[in-house]
Ligand SMILES: Cc1cc2nc3c(=O)[nH]c(=O)nc-3n(C[C@H](O)[C@H](O)[C@H](O)COP(=O)(O)OP(=O)(O)OC[C@H]3O[C@@H](n4cnc5c(N)ncnc54)[C@H](O)[C@@H]3O)c2cc1C
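Residue numbers (our numbering): 2 to 417.
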């Protein structure tokens, strides 16, 4: 006996990926330790936009959770997205034709509240041992599985487990040091954001605003409305471009809000509620192995962020649920440590669910690098309701998004 805690599975990180994994493992009756270096509620640098896929993931985990989320204080329902092209033209794209009817498909909720809500749900289920204030530091493969060393409130702590599920986010030490996933600037984005109060012109139906500017393409500046005239405001740019242009994104955000004609007035009386904060986004524009000898990767640790929209919360939850299903099966089918071959199904399931979407978004990211094309599509769609409707459908219908990969779509766009 070495005083270590024991569990079948040790999940590193209690963000949306780790919590979804724990909730799904609970359904399989698998003993789990979930550890996070932070004590919740904790902040996470993010745009805070929750897509319809988040609601659907919650429904799959527990329909009551999806209902409870809508009642969370501070939640702003969102009915659509407004794209602003580099030429300043705006295109409002509702998520659904029935805007304003029933529950909104999307929402904006600061991560301080959303992640706490998810971890509370894990605690209420009661089967996972949750250790907050616990930073995982070392991972040793043993004859039985893993020996994970951590610091809990500054004191050493060890966990023995058969399987590690790494959900420790964009700066995961497990993903880089054990799984060997590198940070490739072309497949990585830098993002900064701050909360502002007193912003004017926010959409009353909670449409999120993506403002594409020549200097940021294929990234964008965003304004995501929150209740009471508050907004999550930020911008993102691919890391290779940040390096090449030697950009200071925090300075750039302040400058754009003060100088851009379409934003200057709206931010004239606005006040940043705290410092502008930055964090990286590992993009899913390149496929990496998501499993290996005795481990599974989930969410940002697995580089699964949508390269066009920056959406990563739902992808963390979806990959977490798949990881839990694969883990439960592998633990039952194997004695002792779990070999890589027993976990490969995780890769297959995640790529089947997200692969096509990520491939289309990678193509879209490449296309938005051409400002003239962006201007052209938005100009045309603002005049042509059928095209606007087509673009709207693309948000909910993958087959429609697939059209963007075909040359015929652009021929129709040009001459239609
Ligand atoms: C600027 C920006 C804007 C974004 N906007 C959006 C958006 O609007 N919508 C959207 O869907 N996505 C957005 N994303 C992406 C989204 O934030 C991530 O995809 C999402 O948080 C991934 O969830 P996760 O559970 O994998 O990781 P995280 O949410 O990062 O959670 C990881 C957890 O692991 C813990 N941890 C880390 N290291 C250790 C360790 N060694 N030991 C123990 N615990 C550890 C951390 O404390 C954290 O709680 C944005 C990202 C950025 C940077």
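Quick reminder that beta carbons are idealized off the backbone N, C-alpha and C, glycines included.
Ranked by how close their Cα comes to the Cα of residue 310, the residues 358, 103, 207, 66 have 358 in first place.
The DSSP-derived three-state label of residue 77 is strand. By alpha-carbon distance to residue 342, the top candidate from 161, 139, 290 is 290. Around the C-beta of residue 147, 16 or more other C-beta atoms lie within 10 Å, and the residue is accordingly described as buried. The Cβ-Cβ distance between residue 77 and residue 228 falls below 7 Å.
Relative to ligand 1, even the nearest heavy atom lies 6 Å or more away from the CB of residue 241. In the DSSP assignment, residue 59 falls within the unbroken alpha helix (DSSP H) covering 53–62.
Rounded to the nearest whole angstrom, the C-alpha separation of residue 195 and residue 339 is 43 Å.
Close CB contacts of residue 307 within its chain, under the 6 Å cut and outside five residues either way in sequence, are with 362 (chain order). In this chain, the beta strand (DSSP E) harbouring residue 194 covers 189–198.
Between residue 113 and residue 49, the C-beta gap is not smaller than 7 Å, which leaves the two residues out of contact. Contact annotation: residue 166 and residue 12 have beta-carbon atoms nearer than 7 Å.
Around the beta-carbon of residue 68, fewer than 16 other beta-carbon atoms lie within 10 Å, marking it exposed. Residue 325 places its beta carbon 7 Å or farther from that of residue 83. For ligand 1, no non-hydrogen atom lies closer than 6 Å to the CB of residue 358.
A straight line joining the alpha-carbon of residue 183 with that of residue 386 spans about 44 Å.
Secondary structure at residue 157: strand, using DSSP grouped into helix, strand and coil. CA-CA distance, residue 250 to residue 242, rounds to 11 Å. By the neighbour-count criterion, in which a residue is buried when 16 or more other Cβ atoms sit within 10 angstroms of its Cβ, residue 172 is exposed.
The beta-bridge partner set that DSSP reports for residue 293 consists of 296.
Membership of residue 39 in any beta strand (DSSP E) is not indicated, and neither H nor E is assigned to it by DSSP.
According to the DSSP assignment, residue 234 belongs to the beta strand (DSSP E) that extends over 231–239. Between residue 52 and residue 18, the gap from beta carbon to beta carbon reaches 7 Å or more. In the same chain as residue 177, and ignoring 5 residues on each side of it, the C-beta atoms closer than 8 Å to its own belong to 183, 184, in chain order.
For residue 22, the enclosing alpha helix (DSSP H) begins and ends at 17–29.
Counting other Cβ atoms within 10 Å of its Cβ, residue 256 stays below 16 and is therefore classed as exposed. Taking a cut-off of 8 Å for Cβ pairs, the segment 272–283 and the segment 184–193 touch, as three or more such pairs fall below it. With contact defined as three or more Cβ pairs closer than 8 Å, the segment 196–205 and the segment 219–234 are in contact. Taking non-hydrogen atoms of ligand 1 into account, the C-beta of residue 311 is found less than 6 Å away from one of them. The shortest C-alpha to C-alpha distance from residue 105 to any of 72, 119, 40, 122 is the one to 72. Taking C-beta atoms as the reference points, residue 136 and residue 151 count as a pair closer than 7 Å. The segment 295–302 makes contact with the segment 314–324: 3 or more CB pairs, one atom from each, lie closer than 8 Å.
Closest option to residue 238, judged by alpha-carbon separation, among 384, 260, 215: 215.
When DSSP states are grouped into helix, strand and coil, residue 249 belongs to the coil group. DSSP, read as helix, strand or coil, puts residue 280 in strand.
Secondary structure at residue 261: coil, using DSSP grouped into helix, strand and coil.
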